[in-house]
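Only one structure is covered here, and it is reproduced in the block below.
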Amino acid sequence: MSAREEILARIGRAVAGTPDVEVPRGYRTTRQAGDLVGLFAERVGDYRAIVHVIPETDVPGRIGELAGDRRMIVPDGFDRAGGWADLGTADGVITGCAVAIAETGTIVLDHGPGQGTRAQTLVPDYHLCVVRAGQIVAGVPEAVARLDPSRPLTWISGPSATSDIELDRVEGVHGPRTLEVIVST
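Using UniProt numbering, you'd call the opening residue of the sequence shown number 1 and step up by one each time.
Structural data, given as structure tokens:
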């Protein structure tokens, strides 16, 4: 008998004769929150992201201001025309999102239209993400319910950062060093 088989046999003997018990799974699936936009802006700002809450009509102009002279990747499906950079020469990327979570300040990309590929959103040093107010949900359960688990999901909570053993924070190690978020209302 292998070690694996022996361990499984011991577990089987230990649980033999125990009754099947239904474990209650009354997890919270919704959360009440008053101002989702305000809470999201506050929480994503806590992660050192730069946040702009503006009317939808002002979004195109603000994108132009923030992009400035940067060579930006604009993924297929993003509503913007112009001459833009490829991954090798890009200073930044501009995307939309699939959903945003107010409680955690998290943006989720499913890499659908206007969200780019994982490489496009992780390689450039600057990420400008446009979040529509209607895409913001209160908590993680609502976000998960909106997502397709078969799609590649990228969960973003602020700029990329890590800390070494001495807790020295370093930004931009595994993704963009700067995250700027436009929340359109």
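Every residue, glycine too, gets a C-beta built ideally from N, C-alpha and C.
Residues sharing a beta bridge with L66, DSSP: Within the sequence shown, numbered from 1, the residue matching residue 66 stands at position 66. Per DSSP, none; premise fails for L66.
Residue span of the beta strand (DSSP E) that contains V144, given as start and end: Counted from its first residue, the sequence shown places residue 144 at position 144. First-last for V144: 140-146, but that is the alpha helix (DSSP H), not the beta strand (DSSP E).
Beta-carbon proximity of A145 to A102, cut-off 8 Å: Here the question's residue 145 lines up with position 145 in the sequence shown. Here the question's residue 102 lines up with position 102 in the sequence shown. Contact flag unset, no.
Backbone CA spacing between R118 and R13 [nearest angstrom]: Position 118 of the sequence shown, counted from the first residue, corresponds to residue 118. Position 13 of the sequence shown, counted from the first residue, corresponds to residue 13. Near 47 Å, if we compare the C-alpha coordinates of R13 and R118.
Cβ neighbours of Q120 in the same chain (closer than 7 Å, five flanking residues each side left out): Your numbering for residue 120 matches position 120 in the sequence shown. Cβ within range, chain order: I73, P75, L87, V93.
Three or more C-beta pairs below 8 Å linking the stretch 100-114 and the stretch 153-168: Enough Cβ pairs lie closer than 8 Å, so yes.
For P55, the nearest candidate out of G77, V130, S163, E166 (CA to CA): On the sequence shown, position 55 is the one that residue 55 refers to. Ranking the options by Cα distance to P55, first place goes to V130.
DSSP bridge partner residues for M72 (one or two, in chain order): For the purposes of this step, residue 72 is identified with residue 72 of the sequence shown, where counting begins at 1. Paired residues: G92.
R71 to D46 span [Cα, whole Å]: Counted from its first residue, the sequence shown places residue 71 at position 71. Counted from its first residue, the sequence shown places residue 46 at position 46. Roughly 27 Å between the two C-alpha positions.
Simplified DSSP state of T106, which is helix, strand or coil: Here residue 106 is taken as the residue at index 106 of the sequence shown, counted from 1. Reduced to three states, the DSSP call for T106 is strand.
Identity of the residues DSSP links to I54 by a beta bridge: Taking the sequence shown and counting its residues from 1, the one referred to as residue 54 is at position 54. Answer is S184.
Other residues of its chain near G82: CB distance less than 6 Å, five sequence neighbours each side excluded: The residue you call residue 82 lines up with position 82 of the sequence shown. For G82, the pLDDT reaches just 49, beneath the cut-off of 50, and the residue's location in the model is therefore unreliable, leaving the point undetermined.
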